[in-house]
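K.L.:
In our numbering, the protein residues as written are 3 to 197.
Positions of the beta carbon are idealized from the N, C-alpha and C atoms, including for glycine.
Next up is a structure, given as structure tokens.
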Amino acid sequence: MGLSKLFLFFFILFFSIRSLSYAAETVSVTLYYETLCPYCADFIVNHLANIFQNGLISIVNLRMVPWGNAWLNSDGSFACQHGSDECLLNTIEACTMTIYPNVNRHFTGYGNQIETNYAKETAQLNPPHRFVPWLVVNNKPLAEDYENFMAYICKAYKGKPLEACRSIRFKTESTGQEKSVPRVCLAEQGRNSTS
Numbered sequence: 003m004g005l006s007k008l009f010l011f012f013f014i015l016f017f018s019i020r021s022l023s024y025a026a027e028t029v030s031v032t033l034y035y036e037t038l039c040p041y042c043a044d045f046i047v048n049h050l051a052n053i054f055q056n057g058l059i060s061i062v063n064l065r066m067v068p069w070g071n072a073w074l075n076s077d078g079s080f081a082c083q084h085g086s087d088e089c090l091l092n093t094i095e096a097c098t099m100t101i102y103p104n105v106n107r108h109f110t111g112y113g114n115q116i117e118t119n120y121a122k123e124t125a126q127l128n129p130p131h132r133f134v135p136w137l138v139v140n141n142k143p144l145a146e147d148y149e150n151f152m153a154y155i156c157k158a159y160k161g162k163p164l165e166a167c168r169s170i171r172f173k174t175e176s177t178g179q180e181k182s183v184p185r186v187c188l189a190e191q192g193r194n195s196t197s
């Protein structure tokens with residue numbers, strides 16, 4: 003059931019992004035994720051979706067890169083942290099975001115080309131991603147502070163102040179308390195468990 007909700011969310015997200023007209027000054031937001039990471043799904047459904055509800059999407063150029071902690075094998079095939087189903091779903095989502103409505107292109111191997119490009123892009127991240135979800139706002143990786151992404155968007159936006167940004171503040175850790183461990187799928191964990 004959770005997977006179907008996530009898939010439905012991506013279709014809604016795709017159509018929402020295609021129908022928006024962006025302001026001249028947008029904030030670039032790129033989410034590196036994998037389809038079967040439960041923490042990525044949680045972030046997308048419970049955090050990222052908020053930018054559609056509060057209007058921040060009007061100033062955001064959102065890119066989603068469904069590669070995550072996968073890796074390319076020497077023969078050009080993919081291996082994914084959560085198995086072959088995740089590789090297939092990553093490819094389907096990449097195709098959906100890239101070639102809709104001509105979905106038949108997905109079956110020509112084009113999806114593998116898209117995923118290979120995402121693999122190269124992810125490999126060139128500086129600093130390298132250590133986990134997913136990995137969020138980058140205006141080329142700045144947020145690392146463990148990814149759930150605070152809306153505050154980074156508002157801070158990076160140079161246009162007329164938005165109503166949505168007035169209520170968004172940077173979340174800070176209370177003094178005297180240990181910092182909570184981020185809910186992530188670690189990059190090396192997947193590779194080490196299947197190598």
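Please classify Ser176: does DSSP put it in a helix, a strand, or coil?
P.N.:
Note that Ser176 scores 43 on pLDDT, short of 50, meaning its location in the model is unreliable and no value can be drawn from it.
K.L.:
How long is the line joining the alpha carbons of Thr93 and Pro68, rounded to whole angstroms?
P.N.:
8 Å
K.L.:
Checking 9 Å against the spacing of the C-beta atoms, do Ala158 and Val138 come in under that value?
P.N.:
no
K.L.:
For Ala81, which residues does DSSP report across the bridge?
P.N.:
Trp73
K.L.:
Would you tell me roughly how many angstroms separate the C-alpha atoms of Thr37 and Gly57, rounded to the nearest one?
P.N.:
25 Å
K.L.:
Considering only residues of the same chain and omitting the five flanking positions on each side of Pro184, which have a CB-CB separation below 6 Å?
P.N.:
Glu146
K.L.:
For Glu190, which option in Leu164, Arg132, Lys160, Leu144 has the closest C-alpha, if you only look at C-alpha atoms?
P.N.:
Arg132
K.L.:
What do you reckon, are the CB atoms on Gly70 and Tyr34 nearer than 9 Å?
P.N.:
At the C-beta level, Gly70 and Tyr34 come within 9 Å of one another.
K.L.:
Alpha carbon to alpha carbon, how far is Asn75 from Asn119?
P.N.:
Going from the Cα of Asn75 to the Cα of Asn119 covers about 14 Å.
K.L.:
Starting from the C-beta of Thr100, find all residues in its chain whose C-beta is less than 7 Å away, skip the five residues before and the five after it, and write them out in chain order.
P.N.:
Ile116
K.L.:
Please go through the same chain and pick out, in chain order, the residues whose beta-carbon is closer than 6 Å to the beta-carbon of Cys156, but skip the five residues on each side of it.
P.N.:
Cys167, Ile170
K.L.:
What residue range does the beta strand (DSSP E) around Ser30 cover?
P.N.:
Per DSSP, Ser30 belongs to the beta strand (DSSP E) from 29-35.
K.L.:
Is Asn63 helix, strand or coil when you go by DSSP?
P.N.:
strand
K.L.:
Output the distance between the C-alpha atoms of Gly60 and Thr32, rounded to the nearest integer angstrom.
P.N.:
For the sequence presented, residue 60 should be read as Ser rather than Gly. C-alpha separation (whole angstroms): 15 Å.
K.L.:
In this structure, what does DSSP give as the bridge partners for Leu122?
P.N.:
Going by the sequence as given, residue 122 is Lys instead of Leu. Beta-bridge pairing links Lys122 to no other residue.
K.L.:
Leu50 lies in the alpha helix (DSSP H); which residues open and close that run?
P.N.:
From DSSP, Leu50 is part of no alpha helix (DSSP H); its letter is neither H nor E.
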